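Structure, as structure tokens:
Protein chains: 2
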Amino acid sequence: MNEKITKRDEDFALWYTDIIKAADLIDYSSVKGSMIIRPYGYAIWENMVSVLDKMFKDTGHVNVQMPMFIPESLFNIEKEHVEGFAPEVALVTHGGSEKLEEPYIVRPTSEVLFCEHYKKIINSYRDLPLLYNQWCTIVRWEKTTRPFLRSREILWQEGHTMHSSEKEAREETLRMLKIYETFQKEYLATPVLTGLKTNKEKFAGAEETYTIEAMMYDGIALQNGTSHYFGQGFSKAFDIKFLNKENKQEYPYQTSWGVTTRMIGGLIMVHSDDLGLVLPPKIAPIKLVIIPIGDSKEVLDLANDLKVKLDEKNITNYIDNTDKSPGFKFAEAEVKGYPLRIEIGPRDLKEDCVTIVRRDTLEKIKVKKEDIIPEVEKLLISVQDNLYNSALKRRDEMIYEAYTLEEFENLVNKPGFILTSWCGEETCEENVREKYNLKSRCIPLNDKESNKPCTICKREGKYKLYYGKQY
Amino acid sequence: MNEKITKRDEDFALWYTDIIKAADLIDYSSVKGSMIIRPYGYAIWENMVSVLDKMFKDTGHVNVQMPMFIPESLFNIEKEHVEGFAPEVALVTHGGSEKLEEPYIVRPTSEVLFCEHYKKIINSYRDLPLLYNQWCTIVRWEKTTRPFLRSREILWQEGHTMHSSEKEAREETLRMLKIYETFQKEYLATPVLTGLKTNKEKFAGAEETYTIEAMMYDGIALQNGTSHYFGQGFSKAFDIKFLNKENKQEYPYQTSWGVTTRMIGGLIMVHSDDLGLVLPPKIAPIKLVIIPIGDSKEVLDLANDLKVKLDEKNITNYIDNTDKSPGFKFAEAEVKGYPLRIEIGPRDLKEDCVTIVRRDTLEKIKVKKEDIIPEVEKLLISVQDNLYNSALKRRDEMIYEAYTLEEFENLVNKPGFILTSWCGEETCEENVREKYNLKSRCIPLNDKESNKPCTICKREGKYKLYYGKQY
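Structural data, given as structure tokens:
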């Protein structure tokens, strides 16, 4: 709590790690590239898991648990997949003091494990769809790491589903993308672009990769979740077949989709400020802190009384009755990003009032004692809405359009996204990356086609395409 | 579902794996010694996690997430600990195509990771207690494995707490043991012995290990949870110190405690029978299945109406409206261990009745339509109680006492536990293991002292001690 937080507009990267440290979200260990997620950080993840898990189950998905290791030969079955992941895997070579006959890969993702299992349990169209999800840890041996954003160990969920028709699998791919979008909007107060990744940027082994792309405060993109349509690629590689309704053998159609602890990084970089963390009420582990000023009986009685009433309403809260000064407690509440704090002081009490402070706007609101609970309920909704609307406004102001190379070149150094027209050729995308250090974000989901010439090469445009820098 | 289940009294080991397979709890993969936990098996684990996590949080514990790897040098800091675990660790030697400077151990347990972190965050008595828990997967390279009972990968929780006094840490050790005991009794309908492990059987690095010992149907023990008091052993090895209230540097006092997916194995071996799984209602993912007989409108309407009412009461249920025969559906409900099934047939309906069948006793109960929901609620409690009482009765009938070597030798081949008097010397315990292949289970928690001579060597007895075979 005593750590100084670098100003956000001065050094965004340093500000980010300062916030994470000051709010006690993580710690480092002697395990390079991994992080310890501390109780307050983990409580945010638990809230994310709890909401998403319910959304998955409400749409018919069930959880399973696969092994964390993958024998090398199993991993090598799907070619594109191997090529994509081989450079960043961790290898177990010894177990129980003996060298293993075959090295095991610590799972970087579990498609092949699911496929091996599916081959055994899928026989008929009656066995489909299989709507499986797994909450687990994966390992990708990244060279440079940043807390939550890029880590060697990642907490995530990976959905893996199998369907009897292409249509159904494609619907599933988009259904889960929509769930991610809704979750980001409703809970994380974060607007996202939804769209299709280009072939160059898609997942290793997928036919199509859909993405949700959030824009951070500094205008840089965070790919915050993906949903893949695999077609029959893995089914064929693993020889998974089912007897369809026409009594013929057919390869099933597959999807996978995932989100990770990276969402916590996004949450910080979208909403937080120079004073510390700012958390949307719907995902905040603690919705408010009650800070008694002085220790008169009247003040403490009201604090205790409020706590009981808030508990009854399931509004998570606590009374800060440590011996720190009120000013210190206010600052701490701001660092931790509690959406509201209630200050109970003798002066306010003379007027039968308390002061509620919003974390998002820092506005102080004097509230009559009898109105506190309804006011808290109203304010929690208001903070949630305001965070979303502010993020949306800021993002939209940083989305630009460029339909000529000149327009494009005038925008490449501005923070934000650039919407372009694209001929569909990888060479144009590659040129943009090499020359301007921008990567394609996505082809917008419900507004794919372009009737303008390609922004880069002037040939006929086929798709709309967003560009932007990325984390 | 079509798998034949071996008779329990014919071949218990085969019966156990048959049940697991028939009820779709797990599958095997090409990862030797690991298992795939299938949706129905994982749903049992999710229920266990949900109940225990609430019990932990209600007693002030918070969750964290540590790395899954441990650098070898960090693991080597506490000597007894290393010696206990070294023979069964898995080693990561390569990451990102390069050989690691130092091998990483895939965590077999996380004491050292917690201690490294504690050293950084503990300074004053104000920082204590730290009541941390972690839900994760650990790896122990076992030579022979059995689903749920002994696996190379284990899903578990590990609590790790730090305290400013020995008294408080000892209380925590027993508090968590008590929580495990309560969970086993109230939810898993499983009576357990609680007690202290002998020095020979305690956890590597602990001062004291407490255990809950359940007895399986075949009289063999399953150690189903442990709680360790570490004293200052790790604190000193890791040089963790805090400024106490007297302003002096002191080493904090530590505990750890854990339960694993092994509890699912215990659940099966305590309650299940020749027809399949039997699950206590409080932990069963599905409390009942509604089986319509025939497809008359009246039957289906009642089924749908019941489903709505059961859903409202949060009694998880589903209607089996597949095209299988009623007999097949009944058998399937038995294999899956749903605590109740409701059969709705035209004949019963003529009398305005349905038939409810209890899974534990297979008793069929004719119930008037208007009484179904209250009867279901009553029966769920009754099944839960009956399972506990049956298990308790069976266990108590298989606990024997032996206070002379002759009595002891007459009992060593009987299934069950033998309560003895013990001089406290490891040689006697070792003799029993070598000569009779029995291991000490525990010294009973609230009834430690013995005033009889040692059952084995006739010297003065100090403690009561249970012996038994173990999984």
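Chains as they are written, first to last, in my numbering: chain B, 1229 to 1699; chain P, 1229 to 1699.
Glycine included, every Cβ here is placed at the ideal spot set by N, Cα and C.
Predicted model, so just to flag it, every value in this text is computed and none were measured.
Tell me whether the segment 1274-1281 of chain B and the segment 1230-1245 of chain P touch, counting them as touching only if at least three CB pairs, one residue from each stretch, are closer than 8 Å. no
Check whether the segment 1641-1659 of chain P and the segment 1672-1688 of chain P touch, using three or more Cβ-Cβ pairs below 8 Å as the test. yes
Just how far apart, CA to CA, sit M1229 (chain B) and L1253 (chain B)? Note that M1229 (chain B) has pLDDT 48, beneath the 50 cutoff, so the model's placement of it is unreliable and no number is given.
Taking C-beta pairs closer than 8 Å, name the residues in chain P that L1319 (chain B) reaches, listed in chain order. Within chain P, the residues near L1319 (chain B) are V1320, T1321, H1322, G1323.
Please report whether the beta-carbon of N1304 (chain B) lies at a distance below 7 Å from any beta-carbon of chain P. no
Near-chain P residues of the segment 1335-1349 of chain B (beta-carbon distance less than 8 Å), N- to C-terminal order: Against chain P - using a Cβ distance shorter than 8 Å - the residues of the segment 1335-1349 of chain B are L1341, E1344, H1345, K1348, I1349.
Over what stretch of residues does the alpha helix (DSSP H) that includes G1312 (chain B) continue unbroken? 1307-1313
For L1253 (chain P), three-class secondary structure by DSSP: coil
L1383 (chain B): contacting residues in chain A (beta-carbon distance under 8 Å): The structure shown contains no chain A; its protein chains are B and P.
Which runs of the alpha helix (DSSP H), 4 residues or longer, sit entirely within the segment 1528-1574 of chain B? If only uninterrupted alpha helix (DSSP H) runs of at least 4 residues are considered, those enclosed by the segment 1528-1574 of chain B are 1554-1564.
Three-state secondary structure assigned by DSSP to V1640 (chain P): Of the three classes helix, strand and coil, the one that applies to V1640 (chain P) here is coil, per DSSP.
Buried or exposed: which applies to G1696 (chain B), given that a residue is buried once 16 or more other Cβ atoms fall within 10 Å of its Cβ? buried
Please return the same chain residues whose Cβ sits closer than 8 Å to the Cβ of E1526 (chain B), not counting the five positions on each side in sequence. P1574, L1577, listed in sequence order.
Same chain, Cβ closer than 6 Å to Q1477 (chain P), five either side skipped, listed in chain order: K1469
Apart from the five residues on each side of it in sequence, which residues of its chain come closer than 8 Å, Cβ to Cβ, to I1521 (chain P)? V1527, P1554, E1571, I1572, G1573, P1574
When DSSP labels each residue in this structure, what does M1229 (chain B) get in the three-state scheme? Model confidence at M1229 (chain B) stands at a pLDDT of 48, short of 50, so the residue's coordinates are unreliable; what they give is reported in the following sentence. Coil at M1229 (chain B), not helix or strand.
Please list the segments of the beta strand (DSSP E) lying wholly inside the segment 1447-1522 of chain P, counting only runs of 3 or more residues, in order along the chain. Within the segment 1447-1522 of chain P, the complete beta strand (DSSP E) runs of at least 3 residues are 1449-1459, 1481-1488, 1516-1520.
Please check if any C-beta of chain B sits within less than 7 Å of the C-beta of D1246 (chain P). Chain B, which has no Cβ nearer than 7 Å to the Cβ of D1246 (chain P), makes this no.
What residue range does the beta strand (DSSP E) around S1649 (chain B) cover? 1645-1650
Going along the chain, which residues of the segment 1244-1269 of chain P sit with their C-beta nearer than 8 Å to a C-beta in chain B? D1255, S1257, S1258, V1259, S1262, M1263, I1264, I1265, R1266, P1267
To the nearest angstrom, how far is it from the Cα of V1563 (chain B) to the Cα of K1552 (chain B)? 15 Å
Residue closest to N1427 (chain P), alpha-carbon to alpha-carbon, out of P:N1674, P:Q1698, P:D1675, P:E1658: P:E1658
Rounded separation between S1379 (chain P) and D1239 (chain P) - CA only: 21 Å
Could you check the C-alpha separation between N1614 (chain B) and K1676 (chain B) for me, to the nearest Å? 30 Å
If I follow the unbroken alpha helix (DSSP H) through V1416 (chain P), where does it start and stop? Checking the sequence, you will find Leu at residue 1416 (chain P) rather than Val. Where L1416 (chain P) is concerned, there is no enclosing alpha helix (DSSP H), given that its DSSP letter is neither H nor E.
Residues that W1369 (chain P) contacts on chain B, provided the C-beta gap is smaller than 7 Å: G1323, G1324
Does the segment 1332-1352 of chain B come close enough to the segment 1351-1358 of chain P to have 3 or more Cβ pairs within less than 8 Å? No: the two stretches stay apart, fewer than three of their Cβ pairs being nearer than 8 Å.
Inter-residue Cα distance where the pair is S1393 (chain B) and Y1481 (chain B): 6 Å
Taking DSSP as the reference, what is the three-state secondary structure of A1318 (chain P)? strand
Proximal chain B residues relative to F1556 (chain P), where beta-carbon distance stays under 7 Å: Here the premise fails: no neighbours, minimum Cβ distance about 14 Å.
Alpha carbon to alpha carbon, what distance is there between A1559 (chain P) and N1475 (chain B)? Looking at the two C-alpha atoms, the distance is approximately 28 Å.
Who are the neighbours of M1296 (chain P) on chain B, taking C-beta pairs under 9 Å? V1259, S1262, M1296, V1334, T1365, V1367, E1381
Could you tell me whether the Cβ atoms of A1432 (chain B) and E1344 (chain B) are closer together than 7 Å? Going by C-beta atoms, A1432 (chain B) is not nearer than 7 Å to E1344 (chain B).
Could you work out which residue in P:I1514, P:G1565, P:I1671, P:L1693 is closest to L1495 (chain P) when comparing CA atoms only? P:G1565
Through-space distance from I1601 (chain B) to F1556 (chain B), alpha-carbon basis: The straight-line gap from Cα to Cα measures roughly 25 Å.
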